[in-house]
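Working notes, structure below.
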Amino acid sequence: MAGMTAAAGGGYSGTPLWKKLGLKPGMRVSVLHADEGWEIPLDGAPEVTWVGDEPAGLIVAFFRSAAELLAELDDLGERIRPDGMIWAAWPRKAAGHVSDLSDSVVREAALARGLVDVKVAAIDTDWSGLKLVWRLANR
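All residue numbers for the sequence shown refer to the working numbering, where the first residue is 1 and numbers rise by one.
What follows is the structure, given as structure tokens:
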């Protein structure tokens, strides 16, 4: 299952990716639509439970287009209720990728659904991500 061994870097900050993403001991984690071979480096990470399409405390979802994001965001939001998080990732244009997604597109889609962005990060050299959570009033 994606996410279980070391393969993806943590971007530029030097902070391990598992820490950037917010992995906590015992957390239920799902990785969706990652490129083949992409996984969260787990050196020093707490033990977590990997889940597929089930409720999770953390979902890392990779989207290549706005249509993909819009088709899934409602469902992902329900899977993290009340206090989980979604990392919605999109291809970095600075890495030469072409996509109609950007932080503003992800943010606008999230806000329309009652989710708010609380952090932005480089997932790796090819992907950027916004951390989305439910507004306090919607929990």
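Positions of the beta carbon are idealized from the N, C-alpha and C atoms, including for glycine. Quantities reported herein were computed from a predicted structural model and do not represent experimental measurements.
Quiz prompt | C-alpha gap between Glu78 and Val51, whole angstroms | solution = Position 78 of the sequence shown, counted from the start, is the residue given in the question as residue 78. Position 51 of the sequence shown, counted from the start, is the residue given in the question as residue 51. Distance between the alpha carbons of Glu78 and Val51: 15 Å.
Practice problem: Since I believe Ala61 is in contact with Leu32 (beta carbons under 8 Å), could you give me their beta-carbon distance rounded to a whole number of angstroms? | Solution: Numbered from its first residue, the sequence shown carries residue 32 at position 32. Numbered from its first residue, the sequence shown carries residue 61 at position 61. With a Cβ gap of about 4 Å, Leu32 and Ala61 count as contacting.
Quiz item: For Trp87 versus Ser128, is the C-beta distance shorter than 8 Å?
Solution: The residue labelled residue 87 in the question sits at position 87 within the sequence shown. The residue labelled residue 128 in the question sits at position 128 within the sequence shown. No, these two residues do not count as a Cβ contact at 8 Å.
Self-check item: Closest Cα partner of Arg107 within the set Lys93, Glu72, Leu132 and Met85
Solution: For the purposes of this step, residue 107 is taken as residue 107 along the sequence shown, with counting starting at 1. Cα-wise, what sits closest to Arg107 is Leu132.
Self-check item: Backbone CA spacing between Arg28 and Val48 [nearest angstrom]
Solution: Taking the first residue of the sequence shown as 1, we reach residue 28 at position 28. Taking the first residue of the sequence shown as 1, we reach residue 48 at position 48. So the two alpha carbons sit approximately 6 Å from each other.
Quiz prompt | Alpha-carbon to alpha-carbon, Ala110 and Arg64 | solution = Reading the sequence shown from its first residue, position 64 is the one you call residue 64. Reading the sequence shown from its first residue, position 110 is the one you call residue 110. Cα-Cα distance, rounded: 16 Å.
Quiz item: Out of curiosity, what's the CA-to-CA distance linking Leu42 and Leu23?
Solution: Residue mapping note: residue 42 aligns to position 42 of the sequence shown, counting from 1. Residue mapping note: residue 23 aligns to position 23 of the sequence shown, counting from 1. Each residue's alpha carbon lies about 10 Å from the other.
Quiz prompt | Residue span of the alpha helix (DSSP H) that contains Trp18, given as start and end | solution = Position 18 of the sequence shown, counted from the first residue, corresponds to residue 18. Leu17 to Leu21 is the span of the alpha helix (DSSP H), which, as asked, contains Trp18.
Practice problem: Would you give the residue range spanned by the alpha helix (DSSP H) that Leu132 belongs to? | Solution: Sequence index remark: in the sequence shown, residue 132 carries index 132 (1-based). Premise fails: Leu132 lies in the beta strand (DSSP E), Trp127 to Trp134, not in any alpha helix (DSSP H).
Quiz item: Does the beta-carbon of Val120 have 16 or more other beta-carbons within 10 angstroms, so that it is buried, or is it exposed?
Solution: Here the question's residue 120 lines up with position 120 in the sequence shown. Under this definition Val120 is an exposed residue.
Practice problem: Can you grab the Cα-Cα spacing for the pair Pro46 / Glu54, in whole Å? | Solution: As a working note, residue 46 is residue 46 in the sequence shown. As a working note, residue 54 is residue 54 in the sequence shown. Going by the C-alpha atoms only, they are around 20 Å apart.
Quiz prompt | Backbone CA spacing between Thr125 and Gly114 [nearest angstrom] | solution = For the purposes of this step, residue 125 is taken as residue 125 along the sequence shown, with counting starting at 1. For the purposes of this step, residue 114 is taken as residue 114 along the sequence shown, with counting starting at 1. Taking the straight line from one Cα to the other gives about 29 Å.
Practice problem: Going by DSSP, name the residue or residues bridged to Arg28. | Solution: Locating residue 28 in the sequence shown gives position 28, counting from the first residue. Beta-bridge pairing links Arg28 to Thr49.
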